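*Asks:*
Residue numbers (the numbering used here): 6 to 285.
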């Protein structure tokens, strides 16, 4: 089976004009006839189709929440994850320089190529054909997401949760900064006095640190208020902090964050071996 046939089978669309498929897969580093115009078209088609899909599926959600969910579904990271499912990297047409630099793994290139494919399908067979392909790729995703929380950051989720429990909002305080002025790391404390929760998050900016701390505070609050056996969190000296790495803060175009370095999160507890459950 040829690569072209394999990709068409995965997309669920057989091209009438194979030159459109080839152009959609061609990066500007490879040829003058590249996929950037198709990407522009596909971006518009994608937004329209996803808006229509959400409008049909979620009849009780208002405009603001629909916009938030759509923005999350069509952002680069979401497109990149779909491209990985399709194994789109093996079909790309890249210039020698891009190949050597690992362009076939780059999220922006994969996401842009997927949008170009949507544009190519639209030109090849019309809106309904593009809609069917996009529906097929997105419906499984929508079965696993919660539209009430999708796209909301950790601080927003924590605030809404505490308000629903009639608990005062958290307080964020910069506890320390580390590193040179041009490459600082901020350690931020998030406190919820009523629940005796005091957690620390670090990130490449104050905002990133707040988001990391809010994520841990939300996990702690959920565990506590759901009567989990997890003990109440109380502050201890800095030397007893448990560092948890890899907490995502903000998603980009390549890997979105306020700084390129991955944030870490620390939570002070009454015991060094306390384990927090993850949010479902």
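Using N, Cα and C, we set each Cβ at its ideal position, and we do this for glycine too.
Being a predicted model, the structure only gives us computed values, none of them experimental.
Excluding sequence positions up to five away, which residues of its chain have a Cβ less than 8 Å from the Cβ of residue 19?
*Replies:* 13.
*Asks:* If the criterion is Cβ atoms closer than 8 Å, does the pair residue 121 and residue 40 meet it?
*Replies:* Yes, these two residues count as a Cβ contact at 8 Å.
*Asks:* Would you please state the rounded distance, in angstroms, between the beta carbons of residue 35 and residue 100? I believe it to be under 8 Å.
*Replies:* Right, the Cβ-Cβ distance comes to about 5 Å (below 8 Å), so this counts as a contact.
*Asks:* According to the Cβ coordinates, are residue 159 and residue 82 closer than 8 Å?
*Replies:* No, the pair does not count as a contact, with Cβ atoms beyond the cut-off.
*Asks:* Residue 89: which of 77, 104 and 111 sits nearest, CA to CA?
*Replies:* Measuring from the Cα of residue 89, the nearest candidate turns out to be 111.
*Asks:* Are the CB atoms of residue 134 and residue 126 within a distance shorter than 8 Å?
*Replies:* In this structure, residue 134 lies closer than 8 Å to residue 126 by Cβ.
*Asks:* Using alpha carbons as the reference points, say which of 179, 92, 154 and 42 lies closest to residue 16.
*Replies:* The shortest C-alpha separation from residue 16 is found at 92.
*Asks:* From which residue to which residue does the beta strand (DSSP E) around residue 208 run?
*Replies:* Per DSSP, residue 208 belongs to the beta strand (DSSP E) from 202-208.
*Asks:* Is residue 177 helix, strand or coil when you go by DSSP?
*Replies:* Residue 177 falls in the strand class under three-state DSSP.
*Asks:* Going by the beta-carbon positions, is the gap between residue 167 and residue 175 smaller than 8 Å?
*Replies:* Cβ atoms of residue 167 and residue 175: closer than 8 Å.
*Asks:* Along the alpha helix (DSSP H) that carries residue 139, what are the first and last residues, could you check?
*Replies:* From DSSP, the alpha helix (DSSP H) with residue 139 extends over 132-147.
*Asks:* Determine the closest residue to residue 180 out of 218, 64, 27 and 119, with distance taken between C-alpha atoms.
*Replies:* If we check each option's Cα against that of residue 180, 218 comes out closest.
*Asks:* Whole angstroms are fine: how far does the CA of residue 212 sit from the CA of residue 164?
*Replies:* Cα to Cα, residue 164 sits roughly 15 Å from residue 212.
*Asks:* Using 8 Å as the Cβ pair cut-off and three pairs as the minimum, do the segment 133-153 and the segment 189-209 touch?
*Replies:* As far as the Cβ criterion goes, the segment 133-153 does not touch the segment 189-209, which means the pair count is below three.
*Asks:* Should residue 141 go down as buried or exposed, given a rule of 16 or more other Cβ atoms within 10 Å for buried?
*Replies:* When all chains shown are included, residue 141 counts as exposed.
*Asks:* Determine, using beta carbons only, whether residue 96 and residue 51 come nearer to each other than 8 Å.
*Replies:* Cβ distance not < 8 Å, so residue 96 and residue 51 don't count as in contact.
*Asks:* With a 10 Å radius around its C-beta and 16 neighbouring C-beta atoms as the bar for buried, classify residue 37 as buried or exposed.
*Replies:* Classification for residue 37: exposed.
*Asks:* Using the Cβ count rule (16 or more neighbours within 10 Å means buried), how would you classify residue 10?
*Replies:* Per the 10 Å Cβ criterion, exposed.
*Asks:* By the three-class DSSP mapping on this structure, what secondary structure does residue 60 have?
*Replies:* Correct three-state label for residue 60: helix.
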